[in-house]
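Chemist: The structure follows.
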Amino acid sequence: IERDQALERRFQPVFVDEPSIEDTIAILRGIKEKYEIFHGIRITDEAVVAAVKLSKRYITDRFLPDKAVDLIDEACSSLRMETESQPEVLENLKKQIKQLEIEKTSLKGEKKEAQTKKRKIDGQLTKLKKEANELEKHWNTERDHISSIKKLKEESGGLREEAEIASREGNLERTAEIKYGKIPSLEKKIKSIQKELANIQKGERLLREEVTAEDIATVVSRWTGIPVNKMLEEESEKLAKMEEEIHKRFINQEEAVKAVANAIRRSRAGISEEDRPIASFIFLGPTGVGKTELARALAEFMFNDEKALIRLDMSEYMESHTIAKMIGSPPGYVGYEEGGQLTELIKHRPYSVVLFDEIEKAHLDVLNILLQIMDNGRLTNAKGRTVNFKNTIIIMTSNIGSDLIYDYAKKKEIGFTSETEEKDSNKEVEAKVKEVLHETLKPEFLNRVDEIIVFNALGKNEIKQIVDLQLSRVEKRLKEKDIVLVVSEKAKEKISDLGFDPHYGARPLQRVIQKQILDPLALKIVSSKIKGKSVCKVGVEGDKIVIK
């Protein structure tokens with residue numbers, strides 16, 4: 002139309018903005034009754050409010066009121082399907098009855114010894130069948146009452162429409178008859194049946210006929226992959242214990258964990274900028290000090306899934322043309338239809354921790370792309386589609402200044418620094434490391450980062466704690482195979498000594514545990530020397546770690 006100005010001026014543009022949360026709640030309250038009549042269930046007001054607020058926060062690629070209406074509709078459909086199918090309790094009872102009947106049939110023609118077992122099964126069957134019959138009767142009564150309420154509501158809805166038509170046509174007698182006679186009579190019947198249903202459900206409730214906030218959260222969870230309990234849990238309570246939860250799987254680096262927790266809390270408290278990612282960090286430190294592990298711990302805490310970590314190695318983005326890998330190839334080039342590596346991942350999983358490993362290796366043009374993400378919370382791919390990054394946590398790691406951190410750790414290990422000097426020395430090293438970072442990356446890039454966090458080199462005490470943590474994971478895996486692993490303190494000490502390397506941090510530990518414990522264990526399991534319900538003791542004999 003715009004190309005033809007003569008045609009365009011014959012139209013009046015009407016701009017329709019997305020309604021606010023308050024307006025959307027009012028819209029949903031207005032249309033709620035139609036959905037209640039159609040599905041034959043009741044929608045609570047808390048479900049309406051939850052639908053608007055949760056859709057606004059978690060569903061970013063659609064607009065209000067459309068997405069909130071769809072949430073209500075799907076929650077109603079799910080509940081309606083529940084009322085039309087047998088309750089899980091009843092189904093489980095029927096499965097048990099069927100299993101016992103199969104077992105009873107298999108005992109036919111058996112010797113006298115089997116008769117005792119058969120009598121026992123008969124007793125169990127009698128009890129279960131009685132319980133199943135009572136439950137089925139209770140379920141049918143509930144279902145009949147809910148079905149009656151649905152029919153009466155449909156009839157009431159039909160009468161309301163008829164009253165409106167009669168009113169428009171000027172048939173006031175018919176309008177009055179419906180409005181003040183038939184509809185109140187139906188509403189009285191509905192209330193009476195609802196009262197009966199409430200009395201029936203006092204003892205045991207098998208069916209629900211109202212949509213709650215939990216039902217809405219379940220639908221959002223299905224759409225987005227965010228666990229329901231994380232969504233409905235009080236944000237303040239969850240974030241208050243953030244450091245404690247992260248430290249369950251992450252050793253030391255107190256300052257790093259505190260800085261991350263504070264940035265996340267600022268964002269969630271609503272005092273940080275809205276049009277940006279949840280938080281953005283640069284993690285600095287030598288290899289093996291826990292930069293990637295903290296990113297994993299953060300993904301698990303925030304999104305209840307370690308797999309919510311998207312990792313991009315910046316050594317693959319050292320040339321300017323590699324931007325195409327991130328946002329997609331331009332039109333006409335190979336790979337245009339495939340889309341970009343980063344944009345496609347975020348499009349399908351918008352609630353993630355995005356880890357850019359070794360950021361200093363990325364080309365300047367790639368860093369400019371990251372500027373857009375950190376500044377506006379969005380990125381436009383090669384197809385022109387805008388991908389929302391507002392629900393992501395951006396983490397960039399770098400080994401810049403590692404030598405300074407390592408040298409300071411070496412002096413501290415030897416004992417050249419006193420306790421009073423340690424805090425000042427730590428701050429001095431951090432300042433020097435950040436100075437090196439400022440020489441490497443541009444100020445406009447660093448200005449958009451929420452927090453630059455310097456990780457300390459790991460000492461022997463931290464390595465011992467990591468040994469305990471890693472061995473507990475091994476113990477957990479072996480417990481699934483009914484094998485109990487007991488590691489002596491001497492063995493732990495030996496593993497710490499073998500796995501401690503100031504240059505490589507905690508990384509050699511995994512190799513030591515694999516070589517000294519997992520490999521010999523695997524050989525014993527394969528050769529049937531260790532079977533289920535066994536206890537394996539790991540100790541030290543002479544200079545060697547042994548498994549008994």
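Throughout, this note's numbering is defined as the position within the sequence shown, counted from one, plus 1.
Every residue, glycine too, gets a C-beta built ideally from N, C-alpha and C.
These numbers come from a predicted model, not from an experiment.
1. Start and end of the beta strand (DSSP E) containing residue 339?
2. According to DSSP, which residues form a beta bridge with residue 506?
3. Only counting the same chain, and skipping five residues up and downstream in sequence, which positions put a Cβ closer than 8 Å to that of residue 251?
4. Let me know the secondary structure DSSP gives residue 124 once reduced to three states.
5. For residue 283 versus residue 396, is the C-beta distance shorter than 9 Å?
6. With burial defined as no fewer than 16 other Cβ atoms inside 10 Å of the residue's Cβ, what is the status of residue 139: buried or exposed?
7. The beta strand (DSSP E) with residue 384 in it runs from where to where?
8. On the premise that residue 147 lies in contact with residue 198, defined as a C-beta separation below 8 Å, what is that separation, rounded to the nearest angstrom?
9. Note down the Cα distance separating residue 483 from residue 241, rounded to an integer number of angstroms.
10. Of the residues 187, 133, 172, 176, which one's Cα is nearest the Cα of residue 149?
11. Take the Cβ of residue 103 as the centre, count every other Cβ of all protein chains shown within 10 Å, and call the residue buried at 16 or more, exposed below.
12. May I ask you to list the residues that DSSP assigns as paired with residue 546?
13. In the DSSP assignment, find the alpha helix (DSSP H) that holds residue 328 and state where it starts and stops.
14. Thinking C-beta only, is residue 83 closer than 9 Å to residue 209?
15. With burial defined as no fewer than 16 other Cβ atoms inside 10 Å of the residue's Cβ, what is the status of residue 212: buried or exposed?
16. Excluding the 5 residues flanking residue 95 on each side, which residues of the same chain have their C-beta closer than 7 Å to its C-beta?
17. Which of the three DSSP states, helix, strand or coil, is assigned to residue 512?
18. Mind listing, in chain order, the continuous beta strand (DSSP E) runs of no fewer than 3 residues lying wholly within the segment 413-492?
19. Looking at the secondary structure, which residues open and close the beta strand (DSSP E) in which residue 284 lies?
20. Which residues share a DSSP beta bridge with residue 380?
21. Are the beta-carbon atoms belonging to residue 361 and residue 327 less than 9 Å from one another?
22. Please go through the same chain and pick out, in chain order, the residues whose beta-carbon is closer than 8 Å to the beta-carbon of residue 29, but skip the five residues on each side of it.
23. Taking only three categories from DSSP, how would you classify residue 211?
24. Quick check: the Cα distance between residue 569 and residue 42, rounded to an integer number of angstroms?
25. Check whether the segment 433-453 and the segment 400-407 are in contact - that is, three or more C-beta pairs closer than 8 Å.
26. If we ignore side chains and look at the alpha-carbon of each, how far apart do residue 279 and residue 178 end up?
27. Give the single residue among 285, 539, 528 whose Cα lies nearest to the Cα of residue 447.
28. Check residue 529 in the structure and name its three-state DSSP category.
29. With respect to the alpha helix (DSSP H) encompassing residue 243, which residues constitute its N-terminal and C-terminal limits?
30. Can you find a heavy atom of the ligand SAH that lies under 8 Å from the Cβ of residue 283?
31. Helix, strand or coil for residue 277, going by three-state DSSP, please let me know.
32. Any contact of the segment 467-474 with the segment 302-310, i.e. 3+ C-beta pairs under 8 Å?
33. In angstroms, rounded to a whole number, what distance separates the CA positions of residue 513 and residue 499?
34. Look up residue 395 in the DSSP assignment and give the residues it is bridged to.
35. Alpha carbon to alpha carbon, how far is residue 1 from residue 155?
36. Pull the bridge partners of residue 310 from the DSSP assignment, please.
Modeler: Put simply:
1. It is not in any beta strand (DSSP E) - residue 339 carries neither H nor E in the DSSP assignment.
2. DSSP lists 502 as partners of residue 506.
3. 258, 291, 294, 295, 298
4. helix
5. Yes, they are a contact pair.
6. buried
7. It is not in any beta strand (DSSP E) - residue 384 carries neither H nor E in the DSSP assignment.
8. 7 Å
9. 37 Å
10. By alpha-carbon distance to residue 149, the top candidate from 187, 133, 172, 176 is 187.
11. exposed
12. 541
13. 324-328
14. Inclusion of residue 209 and residue 83 in the CB contact set at 9 Å is warranted, their separation being smaller than that value.
15. buried
16. 133
17. helix
18. 452-455, 484-488
19. 280-285 is the extent of the beta strand (DSSP E) around residue 284.
20. 388
21. no
22. 49, 52, 53, 66, 69, 70, 73
23. strand
24. Since the first residue of the chain shown is 2 and the last is 549, residue 569 is not available in this structure.
25. yes
26. 58 Å
27. Considering only alpha carbons, the answer is 285.
28. coil
29. 243-247
30. The ligand SAH is not part of the structure shown, which contains no ligands of any sort.
31. coil
32. no
33. 7 Å
34. Paired residues: 281, 355.
35. Absent from the model: residue 1. The displayed extent of the chain is 2 to 549, so no value can be given.
36. 354
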